[in-house]
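If you read the protein sequences in the order shown, they are chains A and B. Residue numbering for the first sequence follows the working numbering, beginning at 1 and increasing consecutively. Residue numbering for the second sequence follows the working numbering, beginning at 1001 and increasing consecutively.
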Amino acid sequence: MSREVTSFYVRTSALDPAGQVASSIFELTSWMTWIFGAVFVLVMVLVIIGVFGKRQEIPPNSEGESKFIVGLGVIFPTVVLTGLLILTLSLTGAIQPTSEEPTIKVTGYMWWWEVSYPQHGIVTANEIYIPVGERIQIEVASVDVIHSLWVPSLAGKMDLIPGLKNRIVFEASEPGVYRGQCAEFCGLAHAQMSLHVVALEPAAYARWLEQKKSAREELSAAPPSAGLEVFKKVGCAECHSIGKLPALGNVGPDLTHVGSRVSLGAGTVLNNKGNLMGWISNPQALKPGNKMPRSFLSSHELHVLSDYLLSLK
Amino acid sequence: MNVADNTRKNFEKVWTAPVGWGDWFASVNNQPYGARFMSASFIFFSLAGIIALIMRIQLAVPDNNFIGPKVYNELFTMHGSTMMYLVLLPFLEGFAIFLLPAILGSREMAFPRMSAFSFWVFFSGGLVFFSGFLFDAVPDAGWFVYPPLSSSKYSGLGLDFLLVGLGFIEIAGVGAGIEIVATILKFRAPGMSLGKMPLFAWAWLVTGFMIIFAFATLFGATVLIELDRAAGTSFFDPERGGLPLLWQHLFWFFGHPDVYIMFIPATGMVSMILPAFARRPLAGYTWVAGAILVTGFMSFGLWVHHMFTTGMPALSMSFFVAASLVIVLASATQVFAWIATIWRRRPIIKSPMLFILGFLAIFVLGGLTGVMVAVLPFDLQSHDTYFVVAHFHYVLIGGVVFPILAALHYWMPLMMGKMLNEQMAKWSFWLIFVGFNLAFFPMHISGLKGMARRVYTYPESLGIGWLNMLSTIASFIVAIGFICVAWNVYWSWRKGPKAPRNPWSSGSLEWSHDVDMPNYVNLKPPVIYSRDPLWESPEEIKRNERWELISSELEAMPDRFRATLITDVVTGEPQAVQKVAGPSYLPVLTALALLITSIATLLQSYLVAIAGLVATIIAAIQWLWPSDPELEELEKSPLVQKTGLTVEPTGSASSSWWAMAGLLAVIGTIFGVLYYSYFYLRLYSEAWPQDGIAKPDYLRPLGFYISVVLACILFKFAGRAQRRNRLNSALGFGGASLAFLAIGLLGLIGMSMSAPFSHQVNAYGSSFHVTLWHLAALVFAACGFVAVAIVRLLKSSQKLLRGYVTLQMEITGMFLSFTAAVAILGYLILFMSPTLL
């Protein structure tokens, strides 16, 4: 975790917007809540007057009756809804992604997110770092089933559909950590497929990019370590890549920067040594259904491996 | 004993449902089948309700591990599928089948054996659904079964149980849909023009049409997805050129109308019940009927608003936003018509009325949140969250279950002969109403605060623990309320006081009956002069002599077989006396054979499956086999002589014509699904045919398509010969028609077998082959119809000019013309379009 965001609380709610896109939707939500709340009260008042009001003989099929039905049932909603439609169309245009080159690509896997920065050669997982004050174009895709990327405090959601490339815009107006969640049912561990967006001041973001780039290069130049040996020996490398050491199959997240992540298991637990050791020994206990099998390491191996992984910033 | 008494006795005997254990299965009367639909769906409702409570316990506190993700995913799939497919619509259909003859002033539903068949097939479908629990193969991909998650790569046998059960339910659905439409259009009392038809019938007329098109679409789509799973086709597999989004289009083209398919009948009930308690006719009858029609049409143009987050172009989505807002006007019109009905009338607040007031409150709120989720930017936030869960439970429980409860309390005196206990009814209302709002209102907030749908748990940091705890506690209050309803129905049925005639002083026709409605409903067809016949003052009526004559002649007549009056679709002018089917084992046996076939296929016992299939075909042939209608003697009876009505209606006067029209609408829709899929896949493919497959040669198959068209033309000549009483020529043309159909059938099979690419190679291959298979099945069915027509000609060789022979030729001709049209279209699409377009 970068030092810039050590004191934070995670923002998780569409009612707690932190950027232009989410704020404009929130504003629309408030408007609609007030207007429709008023409409609801109006209709209920009419029902109550209708039921409990003083009895009055109104001849059936009178002209007044038709006026009542057409006026309240057709004309009144037409006026309200036309206004709403205009508002909707203008807002829809304003929050649409553009066709600019995307700066970040998010790919859905059962049940985690690969996050890559194609211009910088950075690949990480389950955390999206963005600079504040910028509209970030994100391209989303999926390798297996449909997922949906939803970070309520920053934007609405967009589906990750195999065979398609969709776009979503993230914009954070203040630094912070924002929780996201897969919103399209994607199988066993759908509930535990979450992620974090970390918004940094532009300067801090630039430093973050630099650090990640150099970390990847340093890693390939680094001498072999005991941790890496365990990593290779017990089979981690079959599913996970580290630096220039590629995995055999693209099943688990790239671990080049795993030590700097906020969480483990796509938002399942906080990333610290205790949790990491727990995760490595029995991931199914923390996140039932995920594709990582149990491992049977000696306590020594577990410590060495965890220390090594946590050193990968 | 005089003649009249004797007639009456015969008449009653003809209409009596057979008694005895085995005979229970042979009965086809509408009332027991209405009750069976309702009872079965109540059982499924209880199961789905228990499932819901287990889910609520799991969600009561954050990070809970009560049942874990696997079971939770299975349970939410079963809860949603059961409530959508096995509970709401079947319960409503039960009401319709039970009450429509009484409301329309007829004696039966149009196709009694079809009601029975629909019920058994529906019930079998429910059993298949739930039998997954026995084989530890519970479906777990959601009621919407989105591919790729629902493909064989990611989902196991459980999904096949769901899809096969679904197939059953779709067949039952379209069967009931066709029957209900035909009944409402043809089986009405003399004088009941469309403008005097009760709104219950208006609602079901529109709903019936919607069921036909929506469920046929789902059926076509279910076949495609099951072929993807079982036969390796690639309609939805992105790795072989298929498109997961194609399924979403097809599913929601069914799914959105499906919501209105449940809501519209509920509004029909409300429009019947409110006037009774306001003691006046419904305000704005025409506006309400118009609103129902608009809702029915518009509901097919909204499906994309379930797909706002799939990345479609903003412009096309905006169109669907606008359409979604327009349909609000139709619902608003109905709501204000209801308010106008009770306006300053001091309505009597009895339990049915209470449930209606509860309905108004909950439905209006659910409707308003519906407008919110139709607003695209807001939907981007609320889609697939608990906000939507709250919204549709408001609409479905408020908008459908509350009217059903109102209807149950309102019509129970007529359906069961007993009044429900009013005190208990009020308790159940308040428990359900308060519990419901406490359970579901908080979900609006938990959704916006970040709770996604279909999650088995959520982290404490979302701060929604207390909202969920509230929902869980309140869900048990709702459950207690429903137990009260069930107890009330049971107790009143066993021990309740007998209901008086027309206990609510309603104005509609069904209340003219004594509380124990006889099987034949109307001994004598009622004559209709106004919308609320029981409220009209007799001296104001200008009586129609012909209608009154027909009505009195039909009193307890005919007495040799079951029959009822059929009337003109628009005016309600009497047209003919229509024979309707009596007791038969065929419906239940056909359904059973179908059930055995499917279960055996699922469990891969292919020998049993083949035996089941053969049994199904034999039962179907037995069912369609032309029988001697024994109508001759009626011709000389006073009934026919005096009234001038025929007993052998032909053309669109006959209900069989409407059944055929309905069947063709279903098949046409299924082909619509295939042809839509073909072009949708093409639209999103870089090359078409995909993967360098050569464009098909359009000359070689042409002959086979021409022979199908020739068969259709030849059969027209056969019909002409029959109408001129020329047996040999009719048989000759009929035989030639059959021969040409056989050539076409062989050609279609040959085209599929000789194609240089398989159905598994890519989406193009799948689309090509599967369309050919469907065409072959259609031509095969056409062969069956022609063969049956030939048998009819042979059996009636001495009576070639009789109406029922003409009718058989007419409906067979309809099927052939349709087959030829679909085949031509298939040829143009499969063989010409790759070259020309």
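All C-beta atoms, glycine included, are put in the ideal place defined by N, C-alpha and C.
Where residue i meets chain B, residues with beta-carbon distance less than 9 Å
{"i": "residue 139 of chain A", "result": "Residues of chain B passing the Cβ test: none, with the nearest at roughly 10 Å."}
{"i": "residue 152 of chain A", "result": "1381, 1385, 1448, 1449, 1450"}
Residues that residue i bridges to, as DSSP identifies them
{"i": "residue 150 of chain A", "result": "A:157, A:181"}
{"i": "residue 112 of chain A", "result": "A:109"}
{"i": "residue 1810 of chain B", "result": "Note: residue 1810 of chain B sits in no beta bridge, so no partner."}
{"i": "residue 170 of chain A", "result": "A:136"}
{"i": "residue 1565 of chain B", "result": "B:1577"}
Helix, strand or coil at residue i [DSSP, three-state]
{"i": "residue 3 of chain A", "result": "Caution applies to residue 3 of chain A, whose pLDDT of 33 falls short of 50 and renders its modelled position unreliable; the model cannot decide the point."}
{"i": "residue 201 of chain A", "result": "coil"}
{"i": "residue 1530 of chain B", "result": "coil"}
{"i": "residue 1026 of chain B", "result": "coil"}
{"i": "residue 1540 of chain B", "result": "helix"}
{"i": "residue 283 of chain A", "result": "helix"}
{"i": "residue 131 of chain A", "result": "strand"}
{"i": "residue 119 of chain A", "result": "coil"}
{"i": "residue 18 of chain A", "result": "coil"}
{"i": "residue 1461 of chain B", "result": "helix"}
{"i": "residue 1349 of chain B", "result": "coil"}
{"i": "residue 95 of chain A", "result": "coil"}
{"i": "residue 176 of chain A", "result": "strand"}
{"i": "residue 1581 of chain B", "result": "coil"}
{"i": "residue 1790 of chain B", "result": "helix"}
{"i": "residue 1616 of chain B", "result": "helix"}
{"i": "residue 1009 of chain B", "result": "helix"}
{"i": "residue 225 of chain A", "result": "coil"}
Chain B residues whose Cβ lies nearer than 8 Å to that of residue i
{"i": "residue 157 of chain A", "result": "1309, 1380, 1381, 1383, 1384"}
{"i": "residue 307 of chain A", "result": "Here the premise fails: no neighbours, minimum Cβ distance about 27 Å."}
Neighbour flag for residue i against chain B, beta carbons, 8 Å
{"i": "residue 263 of chain A", "result": "no"}
{"i": "residue 98 of chain A", "result": "no"}
{"i": "residue 170 of chain A", "result": "no"}
{"i": "residue 108 of chain A", "result": "no"}
{"i": "residue 237 of chain A", "result": "no"}
{"i": "residue 1 of chain A", "result": "Legend: pLDDT at residue 1 of chain A = 33, less than 50; position of this residue unreliable, value from coordinates given subsequently. Not closer than 8 Å to any Cβ of chain B, the Cβ of residue 1 of chain A fails to qualify, so no."}
{"i": "residue 161 of chain A", "result": "yes"}
{"i": "residue 23 of chain A", "result": "no"}
{"i": "residue 65 of chain A", "result": "yes"}
Within-8 Å CB hit, residue i to chain A
{"i": "residue 1766 of chain B", "result": "no"}
{"i": "residue 1203 of chain B", "result": "no"}
{"i": "residue 1340 of chain B", "result": "yes"}
{"i": "residue 1333 of chain B", "result": "yes"}
{"i": "residue 1044 of chain B", "result": "no"}
{"i": "residue 1252 of chain B", "result": "no"}
{"i": "residue 1126 of chain B", "result": "no"}
Per-residue contacts from residue i into chain A (C-beta, under 7 Å)
{"i": "residue 1318 of chain B", "result": "89, 92"}
Amino acids of chain B, ordered along the chain, whose beta-carbon sits closer than 7 Å to that of residue i
{"i": "residue 271 of chain A", "result": "Neighbours of residue 271 of chain A on chain B: none; closest Cβ ~15 Å, over 7 Å."}
{"i": "residue 56 of chain A", "result": "1344"}
{"i": "residue 292 of chain A", "result": "Within chain B, no residue comes near residue 292 of chain A; the closest Cβ sits about 15 Å away, beyond 7 Å."}
Under 9 Å by beta carbon: chain A residues contacting residue i
{"i": "residue 1838 of chain B", "result": "With chain B covering only 1001 through 1837, there is no way to say anything about residue 1838 of chain B."}
{"i": "residue 1489 of chain B", "result": "Correct list: empty, because the minimum Cβ distance to chain A is about 27 Å."}
{"i": "residue 1321 of chain B", "result": "85, 88, 89, 92"}
Within chain A, the residues that residue i reaches when beta carbons sit closer than 8 Å
{"i": "residue 1068 of chain B", "result": "288"}
{"i": "residue 1142 of chain B", "result": "185"}
Unbroken stretches of the alpha helix (DSSP H), 4 residues or longer, contained in the region 1073-1114 of chain B: 1088-1104
Residue ranges of each alpha helix (DSSP H) within the region 1133-1199 of chain B, 4 or longer: 1157-1186
Runs of alpha helix (DSSP H) lying entirely within the region 1661-1729 of chain B, each at least 4 residues, in chain order: 1702-1723
Sequence ranges, beta strand (DSSP E) only - wholly within the region 1205-1290 of chain B, length at least 3: none
Within the region 1483-1517 of chain B, ranges of the alpha helix (DSSP H) (whole runs, at least 4 residues): none
Runs of alpha helix (DSSP H) lying entirely within the region 21-79 of chain A, each at least 4 residues, in chain order: 63-70
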